[in-house]
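A.B. asks: Sharing a structure, written as structure tokens. Questions coming.
In this note's numbering, the protein residues as written are 71 to 243.
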């Protein structure tokens, strides 16, 4: 029951007798505050050394989302977190990601490098051709800007895939 509550949106609360639009929005906001307070606290300065750490940082927030979410972790020259940005919240099967949005925040945060992270609502962290195309495009743009794309991690339910570790996209031989 609590798991379903955590996935509810304001429209779900409107089906309860006596709950109007304002109260539904308040309930949804309260649920979101509770969900965020249960997330592990990663502070600026946390060093990311492998994709498992990236997964642990993002999994609780992304693994149960109903829609694809594309997040960028911005890192300093020592791979320490200096910022985090949700670039896009898409549909059940895709999210729209443009390098302009990805790198505008990275430039603002003076990031040396970034890690791209997104979820697959199906729970399967396997990559799609679109995932590879977006990764190649971000890698090319990052090289032009001097901001390295370190990895692209896909989050599923209880598992993840690192395109860099799997030698896919721009890291393919």
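Beta carbons are placed, not taken as given, at the ideal position from N, Cα and C, and that holds for glycine.
All values reported here derive from a predicted model rather than from experimental measurement.
If I measure Cβ to Cβ from residue 206 and keep anything under 7 Å in the same chain, skipping five residues before and after, which residues do I get?
C.D. replies: The residue you call residue 206 lines up with position 136 of the chain shown. So the qualifying residues of the chain are 239, 240.
A.B. asks: Select from 145, 178, 82 the residue whose C-alpha is nearest the C-alpha of residue 246.
C.D. replies: Since the first and last residues shown for the chain are 71 and 243, residue 246 lies out of range.
A.B. asks: Answer with buried or exposed for residue 81, where buried requires no fewer than 16 other C-beta atoms within 10 angstroms of its C-beta.
C.D. replies: The residue labelled residue 81 in the question sits at position 11 within the chain shown. Label assigned to residue 81: exposed.
A.B. asks: Looking only at its own chain, which residues have a Cβ that is under 8 Å from the Cβ of residue 109, when we skip the five neighbours before and after it?
C.D. replies: To locate residue 109, count along the chain shown from 1; it is residue 39. Only weak support exists for where residue 109 lies, its pLDDT of 48 falling under 50; the value from the coordinates is given anyway. Hits under 8 Å: 130, 131.
A.B. asks: Can you tell me the Cα-Cα spacing of residue 121 and residue 88, whole angstroms?
C.D. replies: The residue labelled residue 121 in the question sits at position 51 within the chain shown. The residue labelled residue 88 in the question sits at position 18 within the chain shown. Cα to Cα, residue 121 sits roughly 46 Å from residue 88.
A.B. asks: According to the neighbour-count rule (16 or more other Cβ atoms, all chains shown, within 10 Å of its Cβ), is residue 111 buried or exposed?
C.D. replies: Residue mapping note: residue 111 aligns to position 41 of the chain shown, counting from 1. Note that residue 111 scores 49 on pLDDT, short of 50, meaning its location in the model is unreliable and no value can be drawn from it.
A.B. asks: Need the endpoints of the alpha helix (DSSP H) that residue 173 sits in, please.
C.D. replies: Counted from its first residue, the chain shown places residue 173 at position 103. Looking at the DSSP string, the run of the alpha helix (DSSP H) that includes residue 173 is 169-178.
A.B. asks: May I ask you to list the residues that DSSP assigns as paired with residue 189?
C.D. replies: Position 119 of the chain shown holds residue 189. BP columns for residue 189 point to 225.
A.B. asks: What residue ranges within the segment 77-162 form continuous beta strand (DSSP E) runs of no fewer than 3 residues, ordered along the chain?
C.D. replies: As far as the segment 77-162 is concerned, its whole beta strand (DSSP E) runs of at least 3 residues are 139-145, 151-159.
A.B. asks: Confirm, please, whether the CB-CB distance from residue 173 to residue 15 is below 9 Å.
C.D. replies: There is no way to answer for residue 15, as the model of the chain reaches only from 71 to 243.
A.B. asks: Pull the bridge partners of residue 184 from the DSSP assignment, please.
C.D. replies: Locating residue 184 in the chain shown gives position 114, counting from the first residue. Paired residues: 144, 219.
A.B. asks: Mind checking which residues open and close the beta strand (DSSP E) that includes residue 231?
C.D. replies: As a working note, residue 231 is residue 161 in the chain shown. From DSSP, the beta strand (DSSP E) with residue 231 extends over 230-232.
A.B. asks: Measuring straight from C-alpha to C-alpha, what distance separates residue 199 and residue 234?
C.D. replies: As a position in the chain shown, residue 199 is number 129, starting the count at 1. As a position in the chain shown, residue 234 is number 164, starting the count at 1. Whole-angstrom Cα-Cα distance: 15 Å.
A.B. asks: For residue 119, count neighbouring Cβ atoms within 10 angstroms of its own Cβ and tell me buried if that reaches 16, exposed if not.
C.D. replies: Here residue 119 refers to the residue found at position 49 when the chain shown is read from its first residue. Exposed, since its Cβ has fewer than 16 Cβ neighbours within 10 Å.
A.B. asks: Report the residue from 123, 126, 137 whose alpha carbon sits nearest the alpha carbon of residue 191.
C.D. replies: Walking along the chain shown from the start, residue 191 turns up at place 121. The residue with the shortest Cα to Cα distance from residue 191 is 137.
A.B. asks: Could you round the C-beta distance between residue 197 and residue 231 to whole angstroms and report it? I think they count as a contact, below 8 Å.
C.D. replies: By one-based count along the chain shown, residue 197 stands at place 127. By one-based count along the chain shown, residue 231 stands at place 161. Indeed, because the Cβ distance is near 6 Å, the residues count as touching under 8 Å.
A.B. asks: Roughly how many angstroms separate the alpha carbons of residue 97 and residue 142, rounded to a whole number?
C.D. replies: What you label residue 97 is simply residue 27 of the chain shown in a count that begins at 1. What you label residue 142 is simply residue 72 of the chain shown in a count that begins at 1. Their backbone Cα atoms lie some 28 Å apart in a straight line.
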